[in-house]
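Shown next, in structure tokens, is the structure this report addresses.
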Amino acid sequence: MKRIILSLLVTALILAGCSGNGTSSSAVTSEFFKGKIEGEITVSAYDHMMLSSFLEEAAKIFELMYPGTKVNVVTYTAMPVITTGEADGYEFTSMQSSDTPQDRADYISRVNVDIMSGRGADIYVMDILPIHKFVKSGVLENLDHYMNTDPGFNKNDYRLNIIEAVRYQNGIWFLPLDYQFDYYAYDSALIPAEIARNFGINRAYTAEELIGMTGHLYNGVNKIFNQMVYTTRGSGLYNIVLNENYRSFVNLDTGRPYFLDGRFVSMLDSLKNYGEQGFVPQSITSQNSAEQALQWMTYFEDLSNRVFIKQYSDMHLLFALSKDGGIGSMATMSSGIEEDDEIAGIVANADGTVPFRFTRAFAVNSQSKNKLTAWTFIKFLMSKEMQLSIFTLPVHNEAREEKSELSFTGAIYGIENPMTERMRIAYNNYRNIIETLSDMINTFVVQDSNLNEMISQEVQYFFDGSRTAEEVARALQNKADLYLSE
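The letter at position 110 of the sequence shown is residue 109 when you use numbering that gives the first Met the number 0, and the numbering goes up by one with no holes.
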């Protein structure tokens, strides 16, 4: 941390800003960035566990860099409760945090009330807030103007395709510090060459496309996909396919849902059919026993099993390629036999676009009385030094490269593994794969957490057998139509 602080103090020499004066984002000029950075700003976030320590540490350093500033960090969820104990001779640690649908709805409601009353925060963390509603109502500053006008901000320092991917309604209303993506791997010992030749690190596929390409290979033994159809948490293959088709079912720009045109019903029936055919394990719902759930969860963790197609996060590439570099202790994420795995392509949406997700993204309140101090703090968070401290892939190019090497050797985790020639080859391979897959990203799917909860609540009735797909679709159409028209 001392090294980071020293680097940040040097960085401060080139960061510029001034106290806010109520100027709209469209009126930002180069003169706007020449004043003194001072005053108090507030950062509001929902998730305490993911963001609090990062933001509080950043606030302390920022205040040292800019005497006369004060950064208040306000999070909605409580600090997780950590308990330890012993059972059957084993020590255990458990962590409980408050994150319920009601908690999320309450936070969004509170933010809306604060904004309407003029007491809103200067900066909002875009974790669960409804981006589409905030943009439509003019709550957020268009940061396009800031990036293009501020002489202390160089867009070329960052992955431009990630920044451009969040462009929405003719503006960039928030900036992500990091990004994540998923990719598909295939077992080359199971899939014949005539199919495998369609795969590669420069390809993009949906789960349904891959199941369509490989379903006829099903042998009654090896599962086609390394996911259950559905789990009680609303995840599994269902969640993957829902995200691929999200824009087909909901148009947040027009406020119109499309659950009754047959596509949603077809999706649910197809997923159920995959389970019935044995392509993937069938759903785990509240009506299923815990024993059955454990059975399927351990199936994919059994290192003696083979699966045709597997979905992984980008983090898995780090573990897999570290293993190739001889750091076996880091290869802890597995899904059956992996020795013959090859990359099939990055995860795509049904419309052909390639999405990403983030853990940290920040927006400026258009009503802020100190906009440029708020912007300077966001710019500071996006600096190389601060992005080196995040767990996921940094948007800052130099930070991503340096962090990749620190992560690959284990140095970032306090493990010293000198870079051998074998490790260097594996690391270069890792960097090539990460950057090639990242080059394909071109969209961020704007979603609504309240609407997602409605979908989740209704869909469980289909998978537990209490309602048909048509009944679920009708209920969702009515609820979504009412919610989106508010």
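Idealized CB from N, CA, C, for every residue including glycine.
| task | Please specify which runs of the alpha helix (DSSP H), each continuous and at least 4 residues long, are wholly inside the stretch 356-421, giving them in chain order. | result | 370-380, 383-386, 396-408
| 7 Å Cβ cutoff met for THR41 and ALA120 | yes
| query | Should GLN101 be labelled buried (16 or more other beta-carbon atoms within 10 Å of its own) or exposed? | reply | exposed
| request: Starting from the C-beta of SER312, find all residues in its chain whose C-beta is less than 7 Å away, skip the five residues before and the five after it, and write them out in chain order. | output: GLN179, ASP181
| query | So the beta strand (DSSP E) ILE342 belongs to, where does it begin and stop? | reply | 340-346
| query | Are there 16 or more other CB atoms within 10 angstroms of the CB of LEU8, so buried, or fewer, so exposed? | reply | Because LEU8 sits at a pLDDT of 36, beneath the cut-off of 50, its placement in the model cannot be relied upon, and the point is left open.
| Identify the residues that DSSP records as bridge partners of VAL43: which are they? | What sits at residue 43 in the sequence shown is Ser, not Val. According to DSSP, which records beta bridges pairwise, SER43 is partnered with VAL73, TYR123.
| said: Just to confirm the assignment: which complete alpha helix (DSSP H) runs, minimum length 4, are found wholly within the stretch 94-164? | reply: 100-115, 130-135, 142-148, 159-164
| said: Give me the residue from PHE61, LEU483, LEU392 with the minimum Cα distance to LYS448. | reply: Before going on, a small fix: residue 448 reads as Ser here, not Lys. Among PHE61, LEU483, LEU392, the Cα nearest to that of SER448 is on LEU483.
| Where are the beta strand (DSSP E) runs, 3 residues long or more, that stay fully inside the stretch 165-249, in chain order? | 181-186
| the stretch 166-176 / the stretch 203-218 touching (three or more Cβ pairs under 8 Å) | no
| Beta carbon of SER365, beta carbon of VAL73: below 7 Å? | no
| task | Could you check if VAL112 is buried or exposed, using at least 16 other CB atoms within 10 Å of its CB as the buried criterion? | result | exposed
| request: Return the first residue and the last residue of the beta strand (DSSP E) that ILE312 is part of. | output: Correcting the residue identity first, residue 312 is Ser in this sequence and not Ile. Note, SER312: beta strand (DSSP E), 308-312.
| said: Under DSSP, the alpha helix (DSSP H) around TYR257 begins and ends at which residues? | reply: Counting along the chain, TYR257 falls outside any alpha helix (DSSP H), and DSSP gives it neither H nor E.
| Of all the options ARG246, PHE258, ASN225, TYR257, which has the alpha carbon lying nearest to the alpha carbon of GLU337? | ASN225
| request: Would you tell me roughly how many angstroms separate the C-alpha atoms of PHE91 and THR352, rounded to the nearest one? | output: Its pLDDT being 44, under 50, PHE91 is placed unreliably by the model, and nothing is read from it.
| query | At what residues does the alpha helix (DSSP H) containing VAL471 begin and finish? | reply | 468-483
| query | CA-CA distance, ARG359 and ARG421? | reply | 34 Å
| query | Secondary structure at GLY274, three-state DSSP: helix, strand or coil? | reply | helix
| query | Around the Cβ of ASN191, are there at least 16 other Cβ atoms within 10 angstroms (buried) or fewer (exposed)? | reply | Reading off the sequence, residue 191 comes out as Pro, not Asn. That one is exposed.
| task | Give the straight-line distance between the Cα atoms of VAL70 and ILE345, rounded to the nearest whole angstrom. | result | 39 Å
| Would ASP46 pass as a contact of ASP126 if the rule is Cβ separation under 7 Å? | yes
| task | Answer yes or no: do ALA104 and ASP268 have a C-beta to C-beta separation smaller than 7 Å? | result | no
| task | Classify PRO66 as buried or exposed, calling it buried when 16 or more other Cβ atoms lie within 10 Å of its own Cβ. | result | exposed
| request: Report all residues from its chain with a CB closer than 7 Å to the CB of ASP87; omit the five preceding and five following residues, and keep chain order. | output: Because ASP87 sits at a pLDDT of 48, beneath the cut-off of 50, its placement in the model cannot be relied upon, and the following sentence gives the value as read from the coordinates. None.
| said: I'd like to check one pair, ALA479 with LEU259: are the Cβ atoms closer than 7 Å? | reply: no
| task | On the DSSP bridge assignment, give the partners of GLY464 in chain order. | result | According to DSSP, GLY464 bridges with nothing at all.
| query | For GLY235, which residues from the same chain have a beta carbon less than 7 Å from its beta carbon, with the 5 sequence-adjacent residues on both sides left out? | reply | GLN226, MET227, VAL228, TYR229
| task | Work out the CA separation of VAL249 and GLU400 for me, nearest whole Å. | result | 37 Å
| request: Tell me whether GLN168 is buried or exposed, calling it buried when 16 or more other Cβ atoms sit within 10 Å of its Cβ. | output: exposed
| Buried/exposed call for ASP186, threshold 16 Cβ in 10 Å | buried
| request: Inspect the beta-carbon positions of LEU209 and ILE308 and report whether they are closer than 7 Å. | output: yes
| Using the beta-carbon count (16 or more within 10 Å), is ARG63 buried or exposed? | A small fix is needed here, since residue 63 is Leu in this sequence, not Arg. Looking at its Cβ environment, which holds fewer than 16 other Cβ atoms inside 10 Å, LEU63 is exposed.
| request: State the CB to CB distance for the pair ILE60 and ALA373, rounded to an integer number of angstroms; the pair is presumed to be in contact (CB under 8 Å). | output: Their Cβ separation, rounded to whole angstroms, is 16 Å, which puts ILE60 and ALA373 out of contact at 8 Å.
| How big is the Cα-Cα spacing for LEU159 and PHE357? | 15 Å
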